[in-house]
Every structure is written in structure tokens, then in C-alpha cells.
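K.L.:
Protein sequences appear in the order of chains W and F. If you read the first sequence in the working numbering, its first letter stands for residue 3, the second for the next number, and so on. If you read the second sequence in the working numbering, its first letter stands for residue 912, the second for the next number, and so on. Sharing a structure with you now.
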Amino acid sequence: MTRLLSLILLAAALCSSVHAQAFCALRDPNRQIYKLFPKATSYRSIVRTVDKDARLQVGTRLPFTLHFNELGRHTLYIPMRGDEILGLVHVRSEAGRWGLVEVAWGLDLDLRVLNFEFQRCRDRQRKALEAPDVRTKLAGAGFSSLRAMLTERGDALAPAGLPVDAAAADLALTLIRNGLKTIAATEAAWMKDLIQLRAMALANRTMPGAHALAEISPLHDGPCLALLAERVGEAGTGIQRASSVAWQVLDKERRPLGSVISTAWKQDKMVVELTCAVDREGKILQLETPGPWHPPEVQQLFKQQVNKSRPDFKECSGPVELATLELLTTLESHRLVESDT
Amino acid sequence: MILLPITLTLAASLPPQAGPEQDPILLAPATGPSWLEAWKENLRWKLDVSARGIFDDSGYQKSLGFFGLDLHKVFTSGNRDVATLLFQPYMTRANDLVPTPPVFDGPDDWELIWRIANVNFKLQQEGALNLRIGHFELPYGLEQTINTNGTLRDYTHGGNFGLKADWGATVNGDLDTLEYEFAWSLGSGNEVRDDGGSGVLSGRLGTPRDGAEVFGVSFVDGEFQTPGGIVPRTRFGLDAQVYRGPMGFFAEFSTGEDNDTDDITRALGEVNWRNSQETILTWVQVVATDKNRNSGLNSLMGVRWEPAIGWSLSTQYLQVLEPLEQGGGHPGSLTLQLRYRF
Chain W
3 MTRLLSLILL
13 AAALCSSVHA
23 QAFCALRDPN
33 RQIYKLFPKA
43 TSYRSIVRTV
53 DKDARLQVGT
63 RLPFTLHFNE
73 LGRHTLYIPM
83 RGDEILGLVH
93 VRSEAGRWGL
103 VEVAWGLDLD
113 LRVLNFEFQR
123 CRDRQRKALE
133 APDVRTKLAG
143 AGFSSLRAML
153 TERGDALAPA
163 GLPVDAAAAD
173 LALTLIRNGL
183 KTIAATEAAW
193 MKDLIQLRAM
203 ALANRTMPGA
213 HALAEISPLH
223 DGPCLALLAE
233 RVGEAGTGIQ
243 RASSVAWQVL
253 DKERRPLGSV
263 ISTAWKQDKM
273 VVELTCAVDR
283 EGKILQLETP
293 GPWHPPEVQQ
303 LFKQQVNKSR
313 PDFKECSGPV
323 ELATLELLTT
333 LESHRLVESD
343 T
Chain F
912 MILLPITLTL
922 AASLPPQAGP
932 EQDPILLAPA
942 TGPSWLEAWK
952 ENLRWKLDVS
962 ARGIFDDSGY
972 QKSLGFFGLD
982 LHKVFTSGNR
992 DVATLLFQPY
1002 MTRANDLVPT
1012 PPVFDGPDDW
1022 ELIWRIANVN
1032 FKLQQEGALN
1042 LRIGHFELPY
1052 GLEQTINTNG
1062 TLRDYTHGGN
1072 FGLKADWGAT
1082 VNGDLDTLEY
1092 EFAWSLGSGN
1102 EVRDDGGSGV
1112 LSGRLGTPRD
1122 GAEVFGVSFV
1132 DGEFQTPGGI
1142 VPRTRFGLDA
1152 QVYRGPMGFF
1162 AEFSTGEDND
1172 TDDITRALGE
1182 VNWRNSQETI
1192 LTWVQVVATD
1202 KNRNSGLNSL
1212 MGVRWEPAIG
1222 WSLSTQYLQV
1232 LEPLEQGGGH
1242 PGSLTLQLRY
1252 RF
């Protein structure tokens, strides 16, 4: 009997948090969303499944991963001001010393921390983590910066982690681990949405009146491939066509304003994400390399393509120019930009 | 009514059908998800099965079985969420259930029981004003913030009102430092029925439920439709939750009248403990009732363990320390429940 009891207690101690909670317990983090984004006038939910593949992906980036109870349907909130996307809010829970700690993370579209709010935290050290110097330290931190705040094994704060005293170290560790899992899980389960949100944000910034995106599918169809072969050759330019997505940008009356293409460019071992906005006349309005991790010289080379249109690439020879020509040609093949031929 | 969301939900689990190829330029302005894709968007659903056995100290056994759908869907329009649907119909089987709650036709019966089934419309985007229409828990006391539908742990809705949820409408919302919900409902409980009562007004105003200390005031005033006829009931309530470490200390106090003649005062105290993963919850409750200077005292202790994804095992022991009415049942009973959501 004692052995049986011991086994039950051991199983209870080892099992991860697995809640059979009904959906009536679900509540939107209203207060947290508007605290994190005070300029927001509305928000919309995107519910996606965080599955075992996402768990594996998180596990490859961190020395810890999601508990099985963290799998399932979860919500990413998109705070808006009119048609403008302000960022993301993702709430995740983490086992703390005194029960689950639920943290609402305010992130930008490149998944850098803007701010955080505890949705539920019954730890007495909560106030220490809500101090301005902790928030300042976290603001702007992306995955790598947060990761550097933990030891290699991820089981303690690194010496230059967060400015908290020893009593708050446990909660600080819980917070950072939660933040890392939040960013990694968002990237794993909402990547397609993130690409579209980044495209919409770019359209908002570059095309006044932008209201909606309409995806062009299939993108690399027969006519497109034929035109690309003619303009940039069969070998390609390093643009990863399989991961390319393009949209027509529409105003409220569904009139086209231009287009946005999102893709990746591979050169040797370097992969650069690209998001490019082009107007109806074929002029590049903006060419961004999302994420802070690309070499500055490469970012600069792509920035130099802004305000160019296809005739400017007639004599192009460099890899960046060729890649940019491929983007414009792809859009032109779908009549998203006006052709001069 | 029950078949439509179930059919839509099961259909939503099928892979989408590829549409015909269209000119992307023409497609672009007109494109949009099909009705099925739109229904699947922001949808959660689970099936929920549980069995409950009740054993009293005379050896008498009775049982309940539940099989239901738990569905949650957020509707969006453009850049904003506009409404949330919560839909929980449960087929419920009673076996030898004596005394028999009025929702059943007899001690052995099948009944469709609505737990929650409502749509909450956002009237104001910051969440300060929403309109809920459908079947909802009466906004009163601890139950408002700690939902006990389908769990053994329970609070005072049954004792105070004879029902937990009712059909009607509420206004509800989150303010900076308060949350509120005020309702008008039929007073009929599980069924939509009008026996001539004027309905029930209820409401609760409280501090945010996620804090380490949560306080609320609530009221109920109205005419409830019972098998014995219309029963006027009034209650005024105070509730509190204080969390310290892994412990929770809860209290609820209610006072009011039934039938304009019976003075009823009820107090509930609870101490609970949960592990850091919150897979184990234990609780001890004491419920004291005074009705026209007759007093009753019950104690309950229970534990819930969630050993694996979707599984929940619970047990609770009720000891009647002082019966409110003579001959009101056996002094001790043990309840066991196994629940699985998938």
C-alpha cells in the first residue's frame, strides 16, 4: 500500500501540468492588451494549434521546451489602431513556485519584447519584476538577448541577467524562460501569420489607405517561371521561391494600391529574410530585412534598392541587384506592376 | 439548435477542399474563406466525458454520466474581435438519483443539460462593455470567478437558488480596477420556460479575478420558476479570495429571503492548496446555513488530480455535521468522478 501510494505521489510530482479545464475559463487579457499597447483601439485574435512539431522546434532552440499541457489551441492577439498593426500580445503560463504564472508579452512583429504584464502571478516578488529597471532591461530584447540572460543550461539567471536581488531570482528565471518559450512558440505556430502581418505592416507604412492583402496563389506559375528564366536565367538568384509569398495591397474600396512580396534570399551559408513593397508603377517603396541578426552591410545593400524600378536593373550584375530584379519580375508576371514591355 | 454547431464543428475537422483555379488578379479582391473555413477560424472544441458515483454511508449508490461538447469560437470582423460563442450542451444520465433534482423527470433519466451556451458581443473594444445573450451562470458570489461546472467542488448556487445557470442577457465588462456582470434571466434554469414569473435580476461587482486578493459584492432579486411554483428570492452576498503561497482562503456570505417569509443566511469558508504545476488541488469547505433560526452545518473535503492530458480524477467527502432539516438525508457521502476531455 505504501509503495502504491509512493508511486502515485511520484507520478503526480513528475507529470507536467495538464489541465482538464473547460473553455468557460478562457478570458481575453483585455486589461493587459491595452496596458501594453495604450494606443490600441481594437484587437483581433488568431487562434492556432501549438502541436508536437512546435514543441520539437522550441526544444531545438532551448535547453527546455514546452510541457505537453502547453500544447493545443492558443491565441495570439493583434492590437490595432484603425488599420495599423501595433504589435503582438501572447499570454503563456509557466509553473512558478506558488502555482502557474501567466505573463502577457507585448512583442513587435520581429518578436522583440516591447513590454510585459503579469496576467496572474501570486508570488510576493512580483513587484520586484515590475520595477522600471527590469522593464528597461527587457525592452527591445529578442530571443538571443533573452537567452543570454540565462546560463547555458537555462536553469539559472546569468550574472548579467536581470537587475533583481536573490529573493526575486526564482521569479525572474520563470519570467525569462516564459519569454523565450513565448517567442519560440510564436515563431513555430504563427509563422505564416507573422509573415502576413509583417507584409500588412509594411503596406501600412508605405501605401496610405492600405486596408487588406489578397494573396497571389500560385505565385511561381508557368508564365512567371518563363519570365524569370528570360530575365534572370534558369539558375535563379538565390531567392527561395518555395518560401515566397506575394500579396496585392487593397484599399477599403478594394482598389489595388501596390504589392508586397515576402521571401528569403540565400547566398552561400547566409539566409536573409526579405519583405519588399512595390507600388503600381513598379517602384520599390521599401525593401526590409526583418530581424536584427543580418549583417549590416547586407542590410545596407538591400536598402540601396529602394526607389528603383525595373529599368534601373538593365545593367545589373551584383547578387543583390539580381535578387531584387527577380522580386520585381515575379510581381510583374502577375500584372501587379505595370510592365514596360 | 444543438445539431448545427456539432455538425459544423465535425465538418470543420475535415481537410479543406481545393477550389478551382482562378485568375489571381480577379480572385484577389473577391477572395475570402469559405463558410467552413470561416467557421474553423479561431475555433476550439473538445468532447467531454465523465462518470460520477455517489456512495452514502448506508451503502446506497447512485451515479451520473455526462457526455458533452465544449465549444469556443471567436468571431472577428476586419481588425477586431466582435463576439465569442461558448456552447456546452451535455447529455446527462441519472441512475438511482434520489433525491432527484428537478431537472430530471425521475431517478433514472436522460436529460440534455445546458451548462453554458451564450454569445458575448463586444459593444466596446476595450472590454468595458459587452452584451451576453443565452444561458449563463448567475453572476453571484465565488461561482462568478471560479467556474465549477462539471467539477465536484461547488459553491452556493444550488443551495441559494436551486439552479446554477439561467437563460437571459447580461451586460458585463472589465474596468481598470473592477469587473462586473449584471443580468436579467428567466429564472427557469435549464429550460427556456415562462410560468409567469417576472424573471430574475442578478449581478456582481468585484476586483479583477487574477489578483492575489479578490473581493466582490453581489445580489439576486427575482422570481424563480420551480416545480412547486414561482418562488420569490432575494440575496445579498459578499465574497473574498486571498491567495498566499500555494494556499487559497475563500469566503462567501449570503443573506436574504425566500417567499418573502423565510430568512436565509449562508456562510461558506474554504481553504485550498495546489501544487506548483496545478495538477493537484485539494480543498476543505465548511458551509453553515441558518433558515428561520434553524441551523445546518456541512463540511466537505476533496481532491482533484489531473494525471495526464485531458484526464481528471476527483473525489469529495461530505459530512453533515448538523442537518438543517430532520430526515434530510444521510450524514456522510463519498463522491468519485472520472473525467476525460479529448
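Backbone N, C-alpha and C fix where the C-beta goes; we use that ideal spot for every residue, glycine too. All values derive from a computational prediction rather than experimental measurement.
Looking at the unbroken beta strand (DSSP E) that takes in residue 1038(F), where does it start and where does it end?
P.N.:
That residue, residue 1038(F), is in no beta strand (DSSP E); it is neither H nor E in DSSP.
K.L.:
Is the beta carbon of residue 980(F) sitting closer than 9 Å to the one on residue 1003(F)?
P.N.:
No, Cβ-Cβ distance for residue 980(F) and residue 1003(F) is not below 9 Å.
K.L.:
Would you identify the three-state DSSP class for residue 39(W), choosing helix, strand or coil?
P.N.:
Coil, per DSSP.
K.L.:
Does residue 1038(F) have its Cβ less than 9 Å from a Cβ in chain W?
P.N.:
Residue 1038(F) counts as touching chain W.
K.L.:
Among 1067(F), 1181(F), 1040(F), which residue has its Cα nearest to the Cα of residue 993(F)?
P.N.:
Checked all of 1067(F), 1181(F), 1040(F); the closest Cα to residue 993(F) is 1040(F).
K.L.:
Can you confirm whether the segment 210-222 of chain W touches the segment 173-181 of chain W when touching is taken to mean that 3 or more C-beta pairs between the two stretches lie within less than 8 Å?
P.N.:
Too few Cβ pairs lie closer than 8 Å, so no.
K.L.:
Scan the segment 1109-1131 of chain F for residues whose Cβ lies nearer than 9 Å to a Cβ of chain W and list them as they occur along the chain.
P.N.:
The segment 1109-1131 of chain F vs chain W, Cβ under 9 Å: 1119, 1120, 1121, 1122, 1123.
K.L.:
Can you tell me the Cα-Cα spacing of residue 89(W) and residue 202(W), whole angstroms?
P.N.:
Answer to the nearest angstrom: the Cα atoms are 12 Å apart.
K.L.:
If we ignore side chains and look at the alpha-carbon of each, how far apart do residue 65(W) and residue 93(W) end up?
P.N.:
Their Cα atoms are separated by approximately 21 Å.
K.L.:
Taking one C-beta from the segment 107-119 of chain W and one from the segment 1166-1183 of chain F each time, how about it: are there three or more such pairs within less than 8 Å?
P.N.:
Result no; under three Cβ-Cβ pairs closer than 8 Å.
K.L.:
Which runs of the alpha helix (DSSP H) at least 4 residues long sit entirely within the segment 1042-1119 of chain F? Give them in chain order.
P.N.:
Fully enclosed alpha helix (DSSP H) runs of 4 or longer: 1068-1072.
K.L.:
So which residues on chain F does residue 43(W) lean against when the C-beta distance must stay under 8 Å?
P.N.:
Going along chain F in sequence order, the residues near residue 43(W) (Cβ under 8 Å) are 1036.
K.L.:
In whole angstroms, what separates the C-alpha of residue 1142(F) from that of residue 1104(F)?
P.N.:
Their backbone Cα atoms lie some 15 Å apart in a straight line.
K.L.:
Along chain F, which residues have their Cβ under 7 Å away from the Cβ of residue 345(W)?
P.N.:
Because chain W here runs from 3 to 343, residue 345(W) falls outside it and cannot be looked at.
K.L.:
Would residue 1007(F) and residue 1019(F) qualify as a contact pair, given that the criterion is a beta-carbon distance under 9 Å?
P.N.:
Cβ distance < 9 Å, so residue 1007(F) and residue 1019(F) count as in contact.
K.L.:
Starting from the N-terminal side, write out each stretch of the alpha helix (DSSP H) that is 4 residues or longer and does not extend beyond the segment 113-189 of chain W.
P.N.:
Correct list: 128-131, 134-140, 145-149.
K.L.:
Just verifying my parser: in three-state terms, what is the DSSP assignment at residue 1009(F)?
P.N.:
Of the three classes helix, strand and coil, the one that applies to residue 1009(F) here is coil, per DSSP.
K.L.:
State yes or no: is the beta carbon of residue 49(W) nearer than 9 Å to at least one beta carbon in chain F?
P.N.:
Interface residue, yes.
K.L.:
Where does residue 192(W) land, buried or exposed, given buried means 16+ other C-beta within 10 angstroms?
P.N.:
The residue is buried, with at least 16 neighbouring Cβ atoms inside 10 Å.
K.L.:
Check whether the Cβ atoms of residue 148(W) and residue 81(W) lie closer than 9 Å to each other.
P.N.:
Not closer than 9 Å, so no.
K.L.:
Short check: CB of residue 248(W) to CB of residue 332(W), under 9 Å?
P.N.:
A contact, by the Cβ cut-off of 9 Å.
K.L.:
Please return the same chain residues whose Cβ sits closer than 6 Å to the Cβ of residue 102(W), not counting the five positions on each side in sequence.
P.N.:
95.
K.L.:
Reducing DSSP to helix, strand and coil, say where residue 938(F) ends up.
P.N.:
Note that residue 938(F) scores 32 on pLDDT, short of 50, meaning its location in the model is unreliable and no value can be drawn from it.
K.L.:
How should residue 1154(F) be labelled, buried or exposed, when 16 other C-beta atoms within 10 angstroms of its C-beta is the threshold for buried?
P.N.:
By the neighbour-count rule (16 or more Cβ atoms within 10 Å), residue 1154(F) is buried.
K.L.:
With H, G and I counted as helix, E and B as strand and the rest as coil, what does DSSP make of residue 245(W)?
P.N.:
Note: residue 245(W) maps to helix in three-state DSSP.
K.L.:
Exposed or buried, residue 151(W), counting other C-beta atoms within 10 Å across all chains shown (16 or more means buried)?
P.N.:
So residue 151(W) ends up on the buried side.
K.L.:
Any idea which residues DSSP pairs residue 92(W) with across the strands?
P.N.:
The partner list for residue 92(W) (beta bridge, DSSP) reads 78(W), 107(W).
K.L.:
Got a sec: is the Cβ-Cβ distance from residue 1185(F) to anything in chain W below 9 Å?
P.N.:
Taking Cβ atoms only, chain W reaches closer than 9 Å to residue 1185(F), which makes this a yes.
K.L.:
My assumption, with CB atoms under 8 Å, is that residue 1053(F) sits in contact with residue 1163(F). Please give the rounded CB distance.
P.N.:
Going by Cβ atoms, the distance from residue 1053(F) to residue 1163(F) rounds to 5 Å, so yes, they are a contact pair.
K.L.:
In whole angstroms, give me the CA-to-CA distance for residue 1051(F) and residue 1001(F).
P.N.:
About 23 Å.
K.L.:
Assign residue 292(W) to buried or exposed, taking buried as 16 or more other Cβ atoms, counted over all protein chains shown, within 10 Å of its Cβ.
P.N.:
With 16 or more Cβ atoms within 10 Å of its Cβ, residue 292(W) is classed as buried.
K.L.:
State the beta-bridge partners of residue 278(W) as determined by DSSP.
P.N.:
DSSP output for residue 278(W) lists 263(W), 289(W) as bridge partner(s).
K.L.:
9 Å is my cut-off, CB to CB: does residue 914(F) come that close to chain W?
P.N.:
Unreliable placement is indicated for residue 914(F), whose pLDDT of 46 sits below 50; the coordinate value is still reported in the next sentence. Answer no: the Cβ-Cβ gap between residue 914(F) and chain W never drops below 9 Å.
K.L.:
Helix, strand or coil: how does DSSP classify residue 1233(F) here?
P.N.:
Residue 1233(F) falls in the strand class under three-state DSSP.
K.L.:
Spatial neighbours of residue 1085(F) within its chain, please: CB distance less than 6 Å, with the 5 preceding and 5 following residues excluded, ordered by chain position.
P.N.:
Correct list, in chain order: 1038.
K.L.:
Consult DSSP for residue 309(W) and reduce its assignment to one of helix, strand or coil.
P.N.:
Here residue 309(W) sits in coil by DSSP.
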